[in-house]
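Participant: Once you've had a glance at the structure underneath, I'll fire off some questions.
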Amino acid sequence: MDRLECDRMFLAVIDTGSFTGAAEKLGTRSGQASKLISRLETELGVRLLNRTTRSVAPTEAGRAYYDRLKPLVDELDTLDLDIRNISQSPRGRLRLTAPLTFGTLELAPALNAFAGLYPDIELDVTFSDRVVNVVDEGFDLAVRVGRPGDSSLIIRRLCAVRIVVVAAPPYLDAHGSPATPADLAKHACIIDTNFREPNRWPFKGENGEVEMASVEGRIRYSNAEACVQAAELGLGLACVPAFVAGDALRSGKLIRLLPSFETDPYDVHVLYPHSRHLAAKVRLLVDFLSERYRQTPHWEHGW
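When we follow this note's numbering, the leftmost residue of the sequence shown carries the number 6, and every step to the right adds one.
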């Protein structure tokens, strides 16, 4: 058994929290996992793990060793992949995380097109509105809408998304159209609870600053698509990303309201960890997405 094998097992034990989980992750037996860790501790002359019948946890020395070791092994793996990809087609698993609605509606078609071009790359995609820690949770890259918020990652802008207020013609015929954000207080509003402040919709004020309009409504969904569906049925006004409402606006099922009060669009970014040897598969996907969204997004056309 070589030292790198022992080191990889140690990282896997910490990441999974058990010898069994680490053995499964690396395709071996739990007995072999324990043997590798014992060998590593003997070589280093220090206990790295505290073991009980119920749990495994790093000692102070183990945590320090993990923190120094993990980026080194990650760098080695990335370098290995990069060198391999020089002489052959990019291959291997590519883990990506993206927001649920943008991911399923807009990103999935792009990823499917990418998968068709590169059959040796495995896509492992998580659509979730939870902001994950890209490095700690083992993702290769992330797509995020709005302020990126993680300065430790490389950030590349893809496109912009406007937030629009919409309603169906029958609702507007019955209740009239709001002329200013203040008029929203008189209307039934469909609340998207994914917003940070669901009952306060953002608009651009006279001085260009963002101002919030208070809204109320009896329908609350934690999903913009559901809000659009309710708006199409004439149940009220909805405040949603333009990529969700684009088809309904083009078909005339919904009307865009208060366009002169809309805030500046939110940027969509792709984020990935720093590396001197960026894996070719990651670089390929970043470049592919950048090119796909280089022009005005399709959802902005026709309305």
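All C-beta atoms in this analysis are idealised placements derived from N, C-alpha and C, irrespective of residue type, glycine included.
By Cβ distance, which residues of its chain are closer than 8 Å to T227, with the 5 residues on each side in sequence left out?
Facilitator: As a position in the sequence shown, residue 227 is number 222, starting the count at 1. Note on identity: in this sequence residue 227 is Ser, with Thr being the wrong assignment. Excluding residues within five positions, the ones whose Cβ falls inside 8 Å are D197, T198, N199.
Participant: So, helix, strand or coil for Y123, using DSSP?
Facilitator: Looking up residue 123 in the sequence shown gives position 118. Note: Y123 maps to coil in three-state DSSP.
Participant: Looking at the unbroken beta strand (DSSP E) that takes in K209, where does it start and where does it end?
Facilitator: For the purposes of this step, residue 209 is taken as the residue at position 204 of the sequence shown. For K209, the enclosing beta strand (DSSP E) begins and ends at 205-209.
Participant: Is it true that the CB of I19 sits closer than 7 Å to the CB of P76?
Facilitator: Your numbering for residue 76 matches position 71 in the sequence shown. Your numbering for residue 19 matches position 14 in the sequence shown. Not closer than 7 Å, so no.
Participant: Nearest to I168 by CA position, among K258, E111, R68, P270, is which residue?
Facilitator: Sequence index remark: in the sequence shown, residue 168 carries index 163 (1-based). Closest option to I168, Cα to Cα, is P270.
Participant: Just how far apart, CA to CA, sit A314 and P95?
Facilitator: Residue coverage of the chain in this structure runs from 6 to 308, which leaves residue 314 outside it and unanswerable.
Participant: Whole-angstrom Cβ separation of E237 and L259, contact assumed at under 8 Å?
Facilitator: Position 232 of the sequence shown holds residue 237. Position 254 of the sequence shown holds residue 259. 6 Å between Cβ atoms; contact.
Participant: By DSSP's criteria, T109 is part of a beta bridge. Which residues make up the other side?
Facilitator: As a working mapping, residue 109 is identified with position 104 in the sequence shown. Per DSSP, none; premise fails for T109.
Participant: Measure the alpha-carbon distance for A17 versus A27 and round it to whole angstroms.
Facilitator: Translated into positions along the sequence shown, residue 17 becomes position 12. Translated into positions along the sequence shown, residue 27 becomes position 22. Between A17 and A27, the C-alpha separation is close to 5 Å.
Participant: Please give the ranges of any beta strand (DSSP E) in the segment 138-224, keeping only runs that are unbroken, at least 3 residues long and fully inside the region.
Facilitator: Segments of the beta strand (DSSP E) lying fully in the segment 138-224: 146-150, 158-166, 168-172, 194-197, 205-209, 215-219.
Participant: Less than 7 Å separating the beta-carbons of I159 and K286?
Facilitator: For the purposes of this step, residue 159 is taken as the residue at position 154 of the sequence shown. For the purposes of this step, residue 286 is taken as the residue at position 281 of the sequence shown. No, they are not a contact pair.
Participant: Would you kindly check if the distance between the Cβ of F266 and the Cβ of K191 is under 7 Å?
Facilitator: Locating residue 191 in the sequence shown gives position 186, counting from the first residue. Locating residue 266 in the sequence shown gives position 261, counting from the first residue. Cβ atoms of K191 and F266: not closer than 7 Å.
Participant: DSSP three-state call for L302: helix, strand or coil?
Facilitator: Here residue 302 refers to the residue found at position 297 of the sequence shown. Looking at the sequence itself, residue 302 is Pro, so the reference to Leu does not match. P302: coil per DSSP, three-state reduction.
Participant: Any heavy atom of the ligand NAD closer than 6 Å to the beta-carbon of P174?
Facilitator: This structure does not include the ligand NAD; it has no bound ligands of any sort.
Participant: Where in the segment 232-272 do unbroken runs of the beta strand (DSSP E), each at least 3 residues long, occur, reported from the N-terminal end onward?
Facilitator: 242-246, 260-262
Participant: Might you give, ordered along the chain, the residues of its own chain that have their beta carbon closer than 6 Å to the beta carbon of V130, omitting 5 neighbours on each side?
Facilitator: In the sequence shown, residue 130 corresponds to position 125, counting from 1. Result list for V130: L101, in chain order.
Participant: How should V136 be labelled, buried or exposed, when 16 other C-beta atoms within 10 angstroms of its C-beta is the threshold for buried?
Facilitator: Indexing the sequence shown from 1 puts residue 136 at position 131. V136 is exposed by the Cβ-count criterion.
Participant: Assuming V61 and F24 make a contact with CB atoms under 8 Å, what is their CB distance in whole Å?
Facilitator: One-based indexing of the sequence shown puts residue 61 at position 56. One-based indexing of the sequence shown puts residue 24 at position 19. In this structure, V61 and F24 form a Cβ contact; the two beta carbons are roughly 7 Å apart against a cut-off of 8 Å.
Participant: Roughly how many whole angstroms lie between the Cα atoms of A103 and V148?
Facilitator: As a working mapping, residue 103 is identified with position 98 in the sequence shown. As a working mapping, residue 148 is identified with position 143 in the sequence shown. Taking the straight line joining both Cα atoms gives about 5 Å.
Participant: Could you please give me the residues that DSSP links to N117 through a beta bridge?
Facilitator: The sequence position of residue 117 within the sequence shown is 112, counting from 1. Paired residues: none, contrary to the question.
Participant: Does the distance from the CB of L262 to the CB of C194 come in under 7 Å?
Facilitator: Here residue 262 is taken as the residue at index 257 of the sequence shown, counted from 1. Here residue 194 is taken as the residue at index 189 of the sequence shown, counted from 1. No; because the gap between Cβ atoms is not below 7 Å, this pair is not in contact.
Participant: Can you pull the DSSP bridge partners for V1?
Facilitator: Any question about residue 1 goes unanswered here, given that the chain covers just 6 to 308.
Participant: Assuming A115 and L128 are in contact, meaning their beta carbons sit under 8 Å apart, how far apart are those beta carbons, in whole angstroms?
Facilitator: By one-based count along the sequence shown, residue 115 stands at place 110. By one-based count along the sequence shown, residue 128 stands at place 123. The pair is not a contact, with the Cβ atoms about 11 Å apart (cut-off 8 Å).
Participant: Should M14 go down as buried or exposed, given a rule of 16 or more other Cβ atoms within 10 Å for buried?
Facilitator: Within the sequence shown, residue 14 is the residue found at index 9, counting from 1. Buried, by the Cβ-count rule.
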